[in-house]
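Student: The sequence shown stops at residue 228 when you use our numbering, and every number in between is there.
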Amino acid sequence: MPRNVFSLSFIGTVIAVLVVSVVTLASGQATSGTVPMDSDDIAGVVTGPGGPEAGVWVIAETRDLPTRHIKIVVTDDTGRYLIPDLPQATYDLWVRGYGLVDSDKVQAEPGDALDLTAVVAANARAAAEYYPALHWFALLELPPPSEFPGTGPGGNGISPDIKSQGEWIRSVVNTDGCTGCHALGNRATREIPDALGDFDSHIAAWDRRVQSGQAG
């Protein structure tokens, strides 16, 4: 065989092997053993029905310590997570994310490599239960500018002292007041508990609801 033919053949074989190796590595999923970790970490990979879950939260919680201790991390693009520098204790771990419902809690200790499975929400309503309060608050329908100034309880229900839509937004959002700490849009501010009874209107329901205090 001529030298140049052998060389081209050999080079072609090497390239083919490299291509196959790269494709194999790219198609393979990460596992807990591929996440570097220390003895005081918990690490692994989160997967769902479609493969690795990127950008979901992994929550670790324990009550074994003098105070309740929680750490939350976010998975990388390959679904890997690492919860670092954990005090020695037994932790409950679970997965949370948009479009998911909380996975079943599993127990682990620092030094454990633990792969987790994300649970896809059955429908949009189930998924929305886990959305932060601000997501729900952003769905609030604003009164149009034509509703201002308000016409009071006998009119549109908006106080005559509120002269414009901008004033109404500032009053509701209250950026320099209560809602900086007390979120609107959380479950307690968007649902009326069944135990409070049946009501003829939203106004009547909320008149009753606020009498039960901040915690409902």
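Virtual Cβ for every residue (Gly too), placed ideally from N, Cα, C.
1) With residue 147 as the anchor, note down where its alpha helix (DSSP H) starts and where it stops.
2) Around the C-beta of residue 210, are 16 or more other C-beta atoms found within 10 angstroms, so that it is buried, or is it exposed?
3) Excluding five sequence neighbours on each side, which residues of the same chain lie with their C-beta closer than 8 angstroms to the C-beta of residue 106?
4) Three or more C-beta pairs under 8 angstroms: does that hold for the stretch 48-60 against the stretch 86-103?
5) Quick one: what's residue 108 bridged to in DSSP?
6) I'd like the list of long-range same chain contacts for residue 76, defined as Cβ closer than 7 angstroms, with 5 residues on each side in sequence excluded.
7) Below 8 angstroms on the Cβ atoms is my guess for residue 132 versus residue 61; work out the distance and round it to an integer in Å.
8) Return the chain-ordered list of same chain residues with a C-beta closer than 8 angstroms to the C-beta of residue 47, the five sequence neighbours on each side being excluded.
9) Using only the alpha-carbon positions, how far apart do residue 160 and residue 169 sit?
10) Just checking my contact of residue 122 with residue 98 at CB under 8 angstroms: how many whole Å lie between their CB atoms?
11) Can you name the start and end residues of the alpha helix (DSSP H) that residue 167 belongs to?
12) Just grab the DSSP bridge partners of residue 83 for me.
13) Nearest CA to the CA of residue 110: which residue from 86, 196, 50?
14) Can the beta-carbon of residue 164 be found closer than 8 angstroms to that of residue 158?
15) Which whole-angstrom value describes the C-beta separation of residue 198 and residue 136, a residue pair presumed to lie in contact below a C-beta threshold of 8 angstroms?
16) Could you give the first and the last residue of the continuous alpha helix (DSSP H) run that contains residue 178?
17) What residue from 143, 216, 83, 175 has the CA that sits closest to residue 195's CA?
Tutor: Here's the rundown:
1) 145-149
2) So residue 210 counts as exposed.
3) 70, 71, 114, 115, 116, 117, 118, 128
4) Contact between the stretch 48-60 and the stretch 86-103 is present, because at least three Cβ pairs lie under 8 angstroms.
5) 69
6) 101, 102
7) 6 angstroms
8) 55, 56, 57, 92, 93, 94, 125
9) Rounded to the nearest whole angstrom, the C-alpha separation of residue 160 and residue 169 is 11 angstroms.
10) 5 angstroms
11) Here residue 167 belongs to no alpha helix (DSSP H), and DSSP marks it neither H nor E.
12) 72
13) Measuring from the Cα of residue 110, the nearest candidate turns out to be 86.
14) no
15) Wrong, their Cβ atoms sit about 19 angstroms apart, outside the cutoff.
16) 177-185
17) 143
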